[in-house]
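Participant: Can you keep this structure in mind? I'll have questions shortly.
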Amino acid sequence: MTATTLIHAEASPRRLLKALASQEALLAIAVIGLAIIVGLYNPRFLAMRNLSDVLLGNAYIAVAAVGMSMVIISGNIDISVGSLIGVLATVSGTLAVEGAPIIVTWLAPLVVGILVMAFQGAIIAYLRIPAIVVTLGMLSILKGGLIGVTGGKWITDLPDSFHLANIELFDAVPMPVFLMIVATIFAAWWMRYSAPGRTIYAVGGNAEAARLCGISPPRATVMVFALHGFFAGVAALLYATQLRVIQSTVPPNLELTIITASVVGGVSILGGVGTVIGSTLAAILIAEIASALVFTDVSPYWIRAVQGVLILITVIADILRRRRMARA
Amino acid sequence: MANDQALRETAAPPRLSVYNIEKSFPGVNALTGVSFNVAKGEVHALLGENGAGKSTLIKIVSGVFPPDRGEVIVDGKPVNLARPDDARRAGIATIYQELLLFPELTVAENVFMGHAPRAGLGRLDWRAMREKTRHLLAALEIHDLHADRVVGSLSVGNRQRVEILRALSQDARILIMDEPTAALTEYDVTRLFDIVRKLKARGVAVIYISHRLDEIFAIADRVTVLRDGAHIATKRVADTAAAELVQLMVGRKIESLFPKITLPIGGPVLEVKDLERRPLTKRISLTVRAGEIVGLAGLVGSGRSELAQTIFGVTPAEGGEIKIRGQAVYIRSPAQARTLGIAYVPEDRGTQGLVRPMTVRENFSLAALGKVAFGGFIDRAAERKLASDGVKCFAVKTSSLEQIAGKLSGGNQQKIVLGKWLANKPKLLILDEPTRGIDVGAKAEIHRLMGELAAQGLAILMISSELPEVLGMSDRVLVMREGRIVAEFLREDATQETVGAAMMGSHESAEKVA
Amino acid sequence: MSAMSEIPLPQIAKRVAPWWLLRHETMLALILFVALIILGALNNRFLTLDNLLNQGRLTTEVGLIALPMTFIIITGGIDLSVGSIVGLCAILLGYSWKTFGFPLPLAIAFTLVVGATAGFFNGVGITRLRVPPLIMTIATLALYRGLAEGISQARSVRGYPEWFYFIGQSDLFGVPAQLWLLLIAIVVAGIALDRTTFGRTLYAIGNNETAARFSGLPVDRAKLIIYTLSGLMAGLSAVVLVSRVTTTRSDMGIGYELDVIATVVLGGTSIFGGVGTIWGTVVGLAMIQLLKNGLALTGVKGDATIVVIGTVLILSTLVASLLQRRRGV
Amino acid sequence: AEKRWDGADDLPVNPLACSAGEASAAPAAKPYDGGQPTNAPDKAGKPISLVDVPKLIGIGYFNATTKGMQDAAKALGNVAAKTDGPTEAKIDEQIKFIDNYITSGVDGILFAANDPVAIAPVLKKALSKGIHVVGYDANSTPNAREWFVNQAEFNGIAKAMIDSMANEAGEDKSFAIVTSTFTTPNQARWIAEMWAYAQKCHPKLKWLETVEAQEDNNLSFNQATTLINKYGDKLSGLFGMTSVATPASAEAVTKAKLCGKVAVVGLATPNAMKPYVNADCVKSVVLWNPVDLGYAATYVMRAVVDGKLKPGATSVEAGKLGKLNVVNGSEILLGAPFIFTKQNIKDFDF
Ligand SMILES: Nc1ncnc2c1ncn2[C@@H]1O[C@H](COP(=O)(O)OP(=O)(O)OP(=O)(O)O)[C@@H](O)[C@H]1O
Ligand SMILES: Nc1ncnc2c1ncn2[C@@H]1O[C@H](COP(=O)(O)OP(=O)(O)OP(=O)(O)O)[C@@H](O)[C@H]1O
Ligand SMILES: [Mg+2]
Ligand SMILES: [Mg+2]
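Spelled out as structure tokens, the structure:
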């Protein structure tokens, strides 16, 4: 008994240290540190209003990154998500303009998102075509299909009640930020404490071993993609209700931004490793960097280069941290 | 022998029986009508050469493959084992030969994947999971493996232990173990057998596969011998002897198991002085001479593989000195080690030794590409010749040179890994568990080969967890413990007791003697 | 379900056809052939030598990059930064010529060096720091494009001497000049992959990197070489592109990475590594370009064309993999 | 914090006079500088097939130009027009589209260039195959096409924008700009002309910063919001340089509850701007009528094929639009930019 307590006493400060040295902590420190540094240069950056605007305008990326992280942890990847968000936003907006009940316009993207992604997941899992091929193909199909169907006509005249993103809870927390937090916490909890949540890690870590543990990897893949579709639906909703115009085209490079958030958040592209808290923090960091560069008067021509360097630094810091951990 | 009585007394149907199982893969008839049964509380051993079909048989019983024909019956009722989950529901737990683990997850989670304890709302109970894992570890008297360690950072031996924990955690009625001790030392084997005996007493039926005959005699009640996918015989262990089993297995007589010939020993090929590589290699000094076989014994995790990999340049040294034939060298990579004439046959053939999806031909030439290429261009004919020579020399059981290497049985894979290095004509051969998972016939073959190679002046450093092998093959035995070389014995001084005591350290050896 | 489709198919297939017929590349070539016939029948301007050669001209830039990308994907890696390297190299070609005053041939050499360096930098991150390729190149995708924007300050450079347009716009023995470059590169890459120890090393890395390392193969060096090569070819591609369109812009090459990856993957190279051929990539390249062209000539509009391309990518991979499921363990 | 903005294309700026009303100064007469097709078949009065390759398809603006072309085709009766192009504004893709249509054999190509220089070789190839080439919206180098239909001259747009801003925000206030990318030729040119015109006529206006937001709604919104937060009270105006950036900027101002405090002026299509104009958050939206632009381009093409518009001509008849003037050697001017206000915006639907 004494022996075990001893081990515990030894283990817990170590575990604390380990937690502090995690990718999530690193990102949280980066988010706060960057805010402080930029705040010193230009105090306006720290205004509540600005910080909340950074979150507000990018919450949809974080929400989509939650689903993307699950997909990547399960050993897959999805590059069609940007196109899908474009499609779902259009679906939702079209319904709203056609006068569908508001609740329908909000639920429709979720349902369609789940269906489209589950379909892709099924092709990947049961026909066994690599995810990158299916989603690359789907990227084209959705993108071309959207333009073909809508002719790129913008959706305007959206009813006021449609604008979910304008709702503020308790007069303080904007809906998108609220949803981002809820989605992250829910997903984090679910992936840690539910059996299906763990199967994502199992399948991503070693699909064959998972099969021998009684997990059905194909079913897990479909499940992960369906969930990803759900989060893409939420993201599309936030995207669509932000402005009073919906473009009916695919947001450029959105998939890359979302994947970047996931991998900077510490999700291993090889599958089996990562958390959604990390990816949400990374999405926030990336958004914060974009805003910070404007606030610090970095020449607009160099903004993207600086962004690239900062992402590179985050990634390399993570790799070095992991290596140090491995050798400790 | 109380068990024999139990066997006779129970008129109840056997716990598990398989009837007339047939299974073929493209180009191979892996099983041709195999039947046998296991009673409640019986340990039933499966024996056979590499590729005899043992793993295939148990994979059918575990629901991994569907059989082409035949039936699996549990407690008198035929069961349809379409998926591994069905087998688990039928009370069957399996330790597979290939370590199938989740490298990114912790020991506890690996053990309980798929059947984790739940708390309210279907929530996983992490605390209970860790707690139960600790209990299992305690039951096996494993003190150096923590439930929270990430499996990817464990040595092969520890991974094998995790596999065992996983099977034990399922509270199965039928426990299948496919070479569970291949990566374990005697110390672990003893603990495992204690557990198996306890399970047996509880009425669990156990199928046990091993190439180590002594284990079969130590634990099994009956033994079934397979050869080329066919059922050859089922014997009661009490009524048979090793020689008979070997003959049944290979269909001929095997001479001596450890045909050690003493040879004149030449000058030093490898000299290591104060070699350091944190955290596991600490101030190691040793010498291996031409024509000499040096055995390296130690417990799981004692750092033998780490040492070998430091010499081989996988994890370059941080201090100390390595000399090859008197020349001081600094080895930064395996590529460099190879050009210096060092060969390393790693312990984990699945991930380190073999490129499983590539063909037998390609695997054979992998370490000797320079020998079959001219100016960087591969000479296909020379490559084929190299590979077919290797297949012949090592009697690799393969349908063709273009067979995917990963589809061969475990033992045949090992032969390819060994063969590919010998094709490079090295001066120093480091063997890490060279006969793990290899049948007696092939093992004798490999041992004979080692003798021949030494006779040709090759220096051999052999890491083995099988003490009889170390004792039988080595000119000298080094013992490692916690990253240091703690003892050295000449062939004549090395015995089970002396070497074992050095491996354990003083207090544990005292325990073992007691 | 999965076990069922796993085993019997190759058996059946094996009995009815020789193995090479079942290769992904062969299947794809057959599909391509059928598509060509159909599209040719629908439009008499499609199957003309002129048109086909012209398509070759248009696809050279992607093709040049797809070759080293095949190497990279065979090792289980990926390079997402190629499009950005094209942009950076294009800018530096113009910038070094106009602002540094380099003579144009020197500027071209400089551009190639810059491309190779950018690729080398990726390789160093991947081999020395062990950053996973996707992450490394996602970061440099942003970085290199950012450098292109920062250096160019949104300016384009034009007015190159007439001889420079030879590379991108003229014919040599009746074949577009840049197509010769591509053809040579294809032959070299094909031989390197199929016949040399270097190629074998790439396959070994893709199938089992640890075992390749433990077999004494120069794993890190091979990786460093292929990422550098990828950057170099992106640089070459930039030169060809600038010569073809006569100007430099910092947004050149945007989205190339996806075109290139689609080409390679369509050609049967497994994104998981270990499997793939140059020949497959060439068929994939021809397939995408000719389908786009043939459909356009037949009157299919751009948005519908990309829907068709997406569908073909999925379906052809499906058909090929169903018929060819014989590798893998 | 902005240095002189020169449009990054090294072309001279040409600011208009400060006084109101005079939208375009009399251009200095310039000789014809367009190209000519070689051996174009004589199709005068005969049916012709045209293809229109805009910068990209699937955005409201080019949908409107397409509509204008279809209207014109119907009115003319002997023109079949089709629009096709890349789904993203990529010059590389656009070149491939034009190349394909050259191969498939059309009588005329209408284009709006993603890059004036890069598109030139393929257009010259078209000319060399006897295909007529007319540009609209975004020009190429002059000798790569016959005519260019100019919706409004850069300096005219610049004047309208700056005058509106000075008027709404105040003569001595500060403003910032949200544009697509710095490399987009039209936007870059407009900004350069705005700079020149502001220097000349509204020297006290303070120019704070220009940010990129591509053609992306949400990014434009985020960038506009960032500018508002960064400058606070200092910011009195926002320019939207694209039809995407302007409504997004208006939304950002609305969300920040700064309507009336921060003026939004920009190029935009009326439908997207109606909510903000009706709510008095935006007073003036600058644009030409893109439907008319497409219409005019088609008429010009017909006139070229019919031989009615030859080098040296000074005007061309364009159906319901009446007579359009030739400026700058080989450009046809659609007219002065149009300014939508609360009074007239309801009359437009595109
Ligand atoms: N998935 C597979 N595809 C093709 N052939 C296979 C497959 N699995 C096993 N085989 C073949 O079936 C035969 C029996 O193999 P199995 O693994 O059952 O042998 P084993 O008795 O377990 O041998 P070892 O003692 O070496 O582990 C071998 O010839 C092997 O090559
Ligand atoms: N004190 C320790 N600290 C960290 N890791 C340890 C320690 N002891 C053992 N290990 C683990 O054990 C491994 C060392 O085992 P290694 O394979 O080198 O030894 P071995 O004697 O060859 O054992 P095996 O017979 O299992 O191969 C290391 O990779 C490490 O994961
Ligand atoms: Mg076996
Ligand atoms: Mg070892």
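Line by line, the protein sequences give chains P, R, B and C.
Read left to right, the first sequence gives residues 32 to 359 (the working numbering).
Read left to right, the second sequence gives residues 30 to 543 (the working numbering).
Read left to right, the third sequence gives residues -5 to 323 (the working numbering).
Read left to right, the fourth sequence gives residues 29 to 378 (the working numbering).
Ideal placement from N, C-alpha and C gives every residue a C-beta, glycine not left out.
What you are looking at is a predicted structure, and each value in this text was computed from that prediction instead of being measured.
Quick one: which residues of the stretch 212 to 233 of chain B get their C-beta closer than 9 Å to a C-beta of chain R? List them in chain order.
Facilitator: P212, V213, D214, R215
Participant: Please confirm if B/P126 has its CB atom under 8 Å from at least one CB of chain P.
Facilitator: Cβ-Cβ to chain P under 8 Å: yes for B/P126.
Participant: C/I85 lies in the alpha helix (DSSP H); which residues open and close that run?
Facilitator: For C/I85, no alpha helix (DSSP H) encloses it, and the DSSP letter there is neither H nor E.
Participant: My parser needs the beta strand (DSSP E) runs of 3 or more residues fully inside the stretch 111 to 194 of chain R; what are they?
Facilitator: 121 to 124
Participant: Among C/V305, C/V319, C/G363, whose alpha-carbon lies nearest the alpha-carbon of C/V313?
Facilitator: C/V305
Participant: By DSSP, does C/N245 sit in helix, in strand, or in coil?
Facilitator: If DSSP states are grouped into helix, strand and coil, C/N245 belongs with the helices.
Participant: I think R/D408 touches R/A402, with their Cβ atoms under 8 Å apart; what is that distance to the nearest whole Å?
Facilitator: Rounded, the Cβ-Cβ distance is 7 Å, consistent with contact.
Participant: For P/Y157 and chain R, any beta-carbon pair shorter than 8 Å?
Facilitator: no
Participant: For B/T343, which option in B/L285, B/I220, B/K295 has the closest C-alpha, if you only look at C-alpha atoms?
Facilitator: No statement about residue 343 of chain B is possible, as the shown extent of chain B runs from -5 to 323 and does not include it.
Participant: Anything in chain C within Cβ reach of B/A171, meaning under 8 Å, just list it in chain order.
Facilitator: Within 8 Å Cβ-Cβ: nothing; B/A171 doesn't reach chain C, min ~14 Å.
Participant: Would you identify the three-state DSSP class for R/V317, choosing helix, strand or coil?
Facilitator: strand
Participant: Which runs of the alpha helix (DSSP H) fall wholly inside the stretch 141 to 191 of chain B and span at least 4 residues, in chain order?
Facilitator: 159 to 163, 171 to 189
Participant: Is there at least one non-hydrogen atom of ligand 3 closer than 7 Å to the beta-carbon of R/S84?
Facilitator: yes
Participant: Under 8 Å: do the stretch 46 to 56 of chain R and the stretch 98 to 117 of chain R share three or more Cβ pairs, one atom per stretch?
Facilitator: Touching, per the Cβ criterion.
Participant: Applying the criterion that 16 or more other CB atoms from any shown protein chain within 10 Å of the CB defines a buried residue, is P/W220 buried or exposed?
Facilitator: exposed
Participant: Buried or exposed for R/Q189, please, with buried defined as at least 16 other CB atoms from any protein chain shown within 10 angstroms of its CB.
Facilitator: For R/Q189, the number of other beta carbons within 10 angstroms of its own is at least 16, and it is reported as buried.
Participant: If we cut at 8 Å on Cβ distances, does R/G439 have a partner in chain P?
Facilitator: no
Participant: Let me check understanding here. Comparing Cα to Cα, which of R/R505, R/L395, R/G105, R/A119 lies closest to R/A41?
Facilitator: R/G105
Participant: Is C/A53 helix, strand or coil when you go by DSSP?
Facilitator: At C/A53, the pLDDT of 49 sits below 50, so the modelled position is not reliable; the number obtained from the coordinates is stated separately. Of the three classes helix, strand and coil, the one that applies to C/A53 here is coil, per DSSP.
Participant: Within 7 Å: the Cβ of R/G399 and any heavy atom of ligand 3?
Facilitator: no
Participant: Could you list which residues in chain P have their beta carbon closer than 7 Å to that of B/D297, in chain order?
Facilitator: The contacting residues are G175, I178, G179.
Participant: Just to make sure I have the definition right: I need the residues of chain P whose C-beta is within less than 8 Å of the C-beta of C/N91. Which are they?
Facilitator: G182, G183, K184
Participant: What separation, rounded to the nearest whole angstrom, lies between the Cα atoms of R/S429 and B/V269?
Facilitator: 20 Å
Participant: Can we count C/L247 as close to ligand 1, meaning its CB is less than 7 Å from some heavy atom?
Facilitator: no
Participant: Kindly say whether P/I347, judged by its beta-carbon, lies nearer than 8 Å to any beta-carbon of chain B.
Facilitator: yes
Participant: Using a Cβ-Cβ cutoff of less than 6 Å, which residues in the same chain neighbour C/A51 once the five nearest sequence positions on both sides are dropped?
Facilitator: Because the pLDDT at C/A51 is just 49, under 50, the model does not fix this residue reliably, and the point stays unresolved.
Participant: Is the CB of C/L44 under 8 Å away from at least one CB in chain P?
Facilitator: Taking Cβ atoms only, chain P never reaches closer than 8 Å to C/L44, which makes this a no.
Participant: How would you call C/S47, buried or exposed, if buried means at least 16 neighbouring beta carbons within 10 angstroms?
Facilitator: By the Cβ-count criterion, C/S47 is exposed, with fewer than 16 other Cβ atoms from all chains shown falling within 10 Å of its own Cβ.
Participant: I need the straight-line Cα distance from R/A346 to R/R312, nearest angstrom please.
Facilitator: 11 Å
Participant: If you measure between the beta carbons of R/I236 and R/I205, is that distance less than 8 Å?
Facilitator: With contacts defined by Cβ atoms closer than 8 Å, R/I236 and R/I205 form a contacting pair.
Participant: Looking at the strands, I want to know which residues DSSP matches up with R/T263.
Facilitator: Under DSSP, R/T263 forms a beta bridge with R/T253.
Participant: Quick check: is any heavy atom of ligand 3 less than 7 Å from the C-beta of P/S171?
Facilitator: no
Participant: On the three-pair Cβ rule with 8 Å, is the stretch 434 to 448 of chain R touching the stretch 346 to 363 of chain R?
Facilitator: no
Participant: Provide the residue(s) that pair with R/Q356 in DSSP beta bridges, ordered along the chain.
Facilitator: R/I353
Participant: Whole angstroms are fine: how far does the CA of P/A336 sit from the CA of P/V346?
Facilitator: 15 Å
Participant: Verify the CB distance criterion: does R/P455 have a CB-CB separation below 8 Å to chain B?
Facilitator: no
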